[in-house]
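Engineer: Protein sequence lines correspond, in order, to chains A and B.
Going letter by letter, the first sequence gives residues -8 to 316 in this note's numbering.
Going letter by letter, the second sequence gives residues -8 to 316 in this note's numbering.
From the three backbone atoms N, C-alpha and C, an ideal C-beta is built for every residue, glycine too.
These numbers come from a predicted model, not from an experiment.
This is the structure I want to talk about, given as structure tokens.
There are 2 protein chains.
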Amino acid sequence: MLRALYRLCCAFLLLAGSAHAADPLPSWREGPLKQALLDFVQRTTTPASPDFVPPLERIAVFDQDGTLWPEQPLPVALRYAAERVRQRAADIPEWHRREPYKTVLQGNDSSIARLGERGTLQLLLATHAGMTQDEYQQAVRHWLANSRHPRFERPYTELVYQPMRELLQLLEARGYRCFIYASGGIEFTRSFVEAVYGLPPERVIGNQAKMDFQLRDGRAELVRSQRVHWSDERTGKAGTVQHYTGRRPSLVVGNSDSDETLLKWTASGSGLRLVLRLYHDDPEREYADRRSSSVTPAQARERGWWPISVRDDWLQLFSPAPPAR
Amino acid sequence: MLRALYRLCCAFLLLAGSAHAADPLPSWREGPLKQALLDFVQRTTTPASPDFVPPLERIAVFDQDGTLWPEQPLPVALRYAAERVRQRAADIPEWHRREPYKTVLQGNDSSIARLGERGTLQLLLATHAGMTQDEYQQAVRHWLANSRHPRFERPYTELVYQPMRELLQLLEARGYRCFIYASGGIEFTRSFVEAVYGLPPERVIGNQAKMDFQLRDGRAELVRSQRVHWSDERTGKAGTVQHYTGRRPSLVVGNSDSDETLLKWTASGSGLRLVLRLYHDDPEREYADRRSSSVTPAQARERGWWPISVRDDWLQLFSPAPPAR
């Protein structure tokens, strides 16, 4: 009898396991949105489908800050930049009088957050000019390995939203090339994109530091300058995506007004497109952020976009914490 | 007796066929260079090799004009730009007095060639401002389908060097991501990169037109401006490769002094790198071009680079012409 029960349990676990494995989006709550995601992938990657997209044309774009991981209370690159400024401020007294340094040295998270992408880039350029990209990325990786999110007390790279990771992996598995729009200079995100997302650095797009060409001990090196290579001055993120990928994406996810041109441009493409807009409406598990969006979920729906509610659509936000070492 | 001979012939053809299929570089003459190419691929893609390069890190870069196809007597994008200027010159009388238009309207191929990449970009921007990238690329594709190289009398896209195509395909088959550096604005080359190389548009890198964001009949569009997005102002092509790919390549091929920073930067990387420099030394089958290179093959060798001789290293230059329709 016990033996029969044991066998029954084993069979059940096996079945449950395979059912779970068959769902590529287990962190998404069942409902119309999840079904829309699955349908989109199915329709664009099935050769017989009228909405079939040839493999070379399969592009998806994810905004990073606030879409792939939290940008509250500070975007991660800006947190890093602010710490670097504080470390070096003793050597550069004029920073106490000059913006954006002054805000970093005298302000709090919420005033620093208002420095935005321009401020972040300026701080990162000032504190890392003359470094090669390799040196810069090693510094970033070292910081990431030793820093924790103030609320969640986990490394930032463990705070990639699990539902987004599942969506990205599903798309990659079905032949999509996913690009990540990174604010505050793309080399910051390129430093961990392979380890965290399994994607090569060319999949990270956005503004970046201009470089200079130098010979060091006979070796040719590219070093970071203090000038910015803007890819989206007049076009917003839409222009950045065209710049790097040469193509209007089939699927796009953003969370703030800074994603506006990208979402509109994607939605304006012919054929099947999926435009997703994430809303941070879950102060219990995360944050409530109304500041970054002037478009309500209802307005997004009217435009044919899908709002994503953190509170209602996501069963879990983060992967379970790994066991303490 | 005849039947036995027939069978012998069949067996021989089969054997010869499979020997040919086993050689991924049949258009390259047997010798140290061909062996170096095969060794490099083997050593960097075999997991047990001390020179193994993980798949995400496998980047190769090919210059396009003069490396992947002829740039004599005129680079293809410049030929296209010059024709567009001539077509529209009747409407814009001042072009007869203003450079670079004046050179196009009054010069010959060799004076037009001296306009270089800056001239090409300026001409393409002036003649295509206000178009979406889709419209521009359709115009380019239409022209390519109806134009012939003045000497070889074949469409330009049939003049991709067969040995280079084989090398590119071998690298792609072994997990490398090949990038193409295109002069004169990358959207020109992106218009045919899928059809000709089987690569997606993000694999084409270089300078490009800046864009503006517009609403047209309620649809969001990116349109070409007259401003240039320079990716290589101070760094040459090395900076462009870092900009787009985020990585120093493992293998690089160029043919002129404009590739200098890219070749030096690649060679300065740690680990196994292969730096190739193509020399056009075959006026019989193609062109002799000493102008574009101040580095001799012997000097290239001293630097640890491999010179490629069109005359000595390539058994055939182009794929056989398809049968006339």
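Would you check if the distance between the CB atom of T334 (chain A) and the CB atom of A72 (chain A) is smaller than 8 Å?
Structural biologist: Only positions -8 to 316 of chain A appear in the structure, and residue 334 (chain A) is not among them; the question remains open.
Engineer: Strictly under 8 Å for the Cβ-Cβ distance: is D304 (chain B) near chain A by that measure?
Structural biologist: Residue 304 (chain B) sits at position 313 when you count from the first residue of the second sequence. Not closer than 8 Å to any Cβ of chain A, the Cβ of D304 (chain B) fails to qualify, so no.
Engineer: Determine which residues share a DSSP beta bridge with G245 (chain A) and list them.
Structural biologist: If you number the first sequence from 1, residue 245 (chain A) lands on position 254. Note: G245 (chain A) sits in a beta bridge opposite A:R268.
Engineer: DSSP state of I83 (chain B), grouped into three classes?
Structural biologist: Residue mapping note: residue 83 (chain B) aligns to position 92 of the second sequence, counting from 1. Here I83 (chain B) sits in coil by DSSP.
Engineer: Look up H220 (chain B) in the DSSP assignment and say whether it is helix, strand or coil.
Structural biologist: Counted from its first residue, the second sequence places residue 220 (chain B) at position 229. H220 (chain B) falls in the strand class under three-state DSSP.
Engineer: Kindly indicate which three-state DSSP category L4 (chain A) falls into: helix, strand or coil?
Structural biologist: Position 13 of the first sequence, counted from the start, is the residue given in the question as residue 4 (chain A). With a pLDDT of 47 at L4 (chain A), under the threshold of 50, the predicted position of this residue should be treated as unreliable, though the coordinate-derived value follows. It is helical.
Engineer: To the nearest angstrom, how far is it from the Cα of E178 (chain B) to the Cα of L112 (chain B)?
Structural biologist: Numbered from its first residue, the second sequence carries residue 178 (chain B) at position 187. Numbered from its first residue, the second sequence carries residue 112 (chain B) at position 121. Going by the C-alpha atoms only, they are around 11 Å apart.
Engineer: Look up P141 (chain A) in the DSSP assignment and say whether it is helix, strand or coil.
Structural biologist: In the first sequence, the residue the question calls residue 141 (chain A) occupies position 150. Three-state DSSP puts P141 (chain A) in coil, outside helix and strand.
Engineer: Do we get a CB-CB distance below 8 Å when we pair E185 (chain A) with the residues of chain B?
Structural biologist: For this step, residue 185 (chain A) is matched to residue 194 along the first sequence. With 8 Å as the cut-off, E185 (chain A) counts as an interface residue toward chain B.
Engineer: Could you confirm whether any beta carbon from chain B is found closer than 8 Å to the beta carbon of S259 (chain A)?
Structural biologist: If you number the first sequence from 1, residue 259 (chain A) lands on position 268. Answer yes: the Cβ-Cβ gap between S259 (chain A) and chain B drops below 8 Å somewhere.
Engineer: Buried or exposed: which applies to T287 (chain B), given that a residue is buried once 16 or more other Cβ atoms fall within 10 Å of its Cβ?
Structural biologist: The sequence position of residue 287 (chain B) within the second sequence is 296, counting from 1. Result: exposed.
Engineer: Drop a sphere of 10 angstroms on the beta-carbon of P192 (chain B), count the other beta-carbons inside from all chains shown, and report buried for 16 or more, exposed for fewer.
Structural biologist: Here residue 192 (chain B) refers to the residue found at position 201 of the second sequence. Label assigned to P192 (chain B): buried.
Engineer: Using a Cβ-Cβ cutoff of less than 8 Å, which residues in the same chain neighbour A27 (chain A) once the five nearest sequence positions on both sides are dropped?
Structural biologist: For the purposes of this step, residue 27 (chain A) is identified with residue 36 of the first sequence, where counting begins at 1. Scanning its chain for C-beta atoms nearer than 8 Å, with the 5 sequence neighbours on each side dropped, one finds around A27 (chain A) the residues L265, W297, in chain order.
Engineer: List the residues that DSSP assigns as beta-bridge partners of F170 (chain A).
Structural biologist: Position 179 of the first sequence, counted from the first residue, corresponds to residue 170 (chain A). BP columns for F170 (chain A) point to A:V52.
Engineer: In the DSSP output, which residue or residues are listed as bridge partners for Q212 (chain A)?
Structural biologist: Numbered from 1 along the first sequence, position 221 holds the residue referred to as residue 212 (chain A). Just to set this straight, residue 212 (chain A) is Glu in the shown sequence, not Gln. According to DSSP, which records beta bridges pairwise, E212 (chain A) is partnered with A:Q205.
Engineer: For chain E, find out if any of its Cβ atoms is closer than 8 Å to the Cβ of E21 (chain A); answer yes or no.
Structural biologist: Reference to chain E is not applicable here, since the protein chains of this structure are A and B.
Engineer: DSSP state of W256 (chain B), grouped into three classes?
Structural biologist: Along the second sequence, read from residue 1 onward, the residue named residue 256 (chain B) stands at position 265. In the displayed model, W256 (chain B) falls within a helix according to three-state DSSP.
Engineer: Is there contact here, the region 168 to 175 of chain A with the region 61 to 68 of chain A, by at least three beta-carbon pairs under 8 Å?
Structural biologist: yes
Engineer: Between the region 227 to 255 of chain A and chain B, which residues of the former have CB atoms less than 8 Å from a CB of the latter, in chain order?
Structural biologist: G227, A229, G230, Q233, H234, Y235, T236, G237, R238, T252, K255
Engineer: Which residues share a DSSP beta bridge with Q199 (chain B)?
Structural biologist: Here the question's residue 199 (chain B) lines up with position 208 in the second sequence. DSSP lists B:H220 as partners of Q199 (chain B).
Engineer: Put W296 (chain B) into one of helix, strand or coil per three-state DSSP.
Structural biologist: Translated into the one-based positions of the second sequence, residue 296 (chain B) becomes position 305. It is coil, neither helix nor strand.
Engineer: L190 (chain A) and M202 (chain A): beta carbons closer than 8 Å?
Structural biologist: Here residue 190 (chain A) refers to the residue found at position 199 when the first sequence is read from its first residue. Here residue 202 (chain A) refers to the residue found at position 211 when the first sequence is read from its first residue. Taking 8 Å as the Cβ cut-off, L190 (chain A) and M202 (chain A) do not qualify as a contacting pair.
Engineer: When you compare each of B:T148, B:R77, B:H133 to W60 (chain B) by their alpha carbons, which one comes out closest?
Structural biologist: In the second sequence, the residue the question calls residue 60 (chain B) occupies position 69. Closest option to W60 (chain B), Cα to Cα, is B:T148.
Engineer: In its own chain, which residues sit with a C-beta less than 7 Å from the C-beta of P311 (chain B), not counting the 5 before and 5 after it?
Structural biologist: Locating residue 311 (chain B) in the second sequence gives position 320, where the first residue counts as 1. Closer than 7 Å at Cβ, skipping near neighbours: no residue.
Engineer: So, is the C-beta of D203 (chain B) closer than 8 Å to a C-beta in chain A?
Structural biologist: Working through the second sequence from its first residue, we reach residue 203 (chain B) at position 212. Answer yes: the Cβ-Cβ gap between D203 (chain B) and chain A drops below 8 Å somewhere.
Engineer: Return the first residue and the last residue of the alpha helix (DSSP H) that E185 (chain B) is part of.
Structural biologist: Position 194 of the second sequence holds residue 185 (chain B). First-last of the alpha helix (DSSP H) with E185 (chain B): 184 to 188.
Engineer: Which residues in chain B have a C-beta closer than 9 Å to the C-beta of A320 (chain A)? List them in chain order.
Structural biologist: Nothing about residue 320 (chain A) can be reported from this structure: the residues present for chain A run from -8 to 316 only.
Engineer: Work out the CA separation of P274 (chain B) and A164 (chain A) for me, nearest whole Å.
Structural biologist: Counting from 1 along the first sequence, the entry for residue 164 (chain A) is found at position 173. Counting from 1 along the second sequence, the entry for residue 274 (chain B) is found at position 283. Rounded to the nearest angstrom, the two C-alpha atoms are 49 Å apart.
Engineer: Please look up how many angstroms separate the CB atoms of H87 (chain A) and A80 (chain A), rounded, as I've assumed it's under 8 Å.
Structural biologist: Start at 1 with the first residue of the first sequence, and residue 87 (chain A) comes out as number 96. Start at 1 with the first residue of the first sequence, and residue 80 (chain A) comes out as number 89. 7 Å between Cβ atoms; contact.
Engineer: In the DSSP assignment, the alpha helix (DSSP H) including S101 (chain B) goes from what residue to what residue?
Structural biologist: Taking the first residue of the second sequence as position 1, residue 101 (chain B) is located at position 110. Start and end: 100 to 104.
Engineer: According to DSSP, what are the bridge partners of W60 (chain A)?
Structural biologist: For this step, residue 60 (chain A) is matched to residue 69 along the first sequence. The partner list for W60 (chain A) (beta bridge, DSSP) reads A:D56.
Engineer: Could you pull out every residue in the same chain whose Cβ sits closer than 8 Å to the Cβ of K93 (chain A), ignoring the five residues on either side in sequence?
Structural biologist: The residue you call residue 93 (chain A) lines up with position 102 of the first sequence. So the qualifying residues of the chain are W86, H87.
Engineer: To the nearest angstrom, how far is it from the Cα of P154 (chain A) to the Cα of V187 (chain A)?
Structural biologist: By one-based count along the first sequence, residue 154 (chain A) stands at place 163. By one-based count along the first sequence, residue 187 (chain A) stands at place 196. Those two C-alpha atoms are separated by around 14 Å.
Engineer: Are the beta-carbon atoms of L254 (chain A) and R238 (chain A) separated by less than 8 Å?
Structural biologist: As a working mapping, residue 254 (chain A) is identified with position 263 in the first sequence. As a working mapping, residue 238 (chain A) is identified with position 247 in the first sequence. Not a contact, by the Cβ cut-off of 8 Å.
Engineer: By how many angstroms is the C-alpha of Q233 (chain B) removed from the C-alpha of W134 (chain B)?
Structural biologist: Your numbering for residue 134 (chain B) matches position 143 in the second sequence. Your numbering for residue 233 (chain B) matches position 242 in the second sequence. W134 (chain B) and Q233 (chain B): Cα-Cα distance of roughly 32 Å.
Engineer: Report buried or exposed for P240 (chain B), applying the criterion of at least 16 other Cβ atoms within 10 angstroms of its Cβ.
Structural biologist: Within the second sequence, the letter at position 249 stands for residue 240 (chain B). Burial call: buried.
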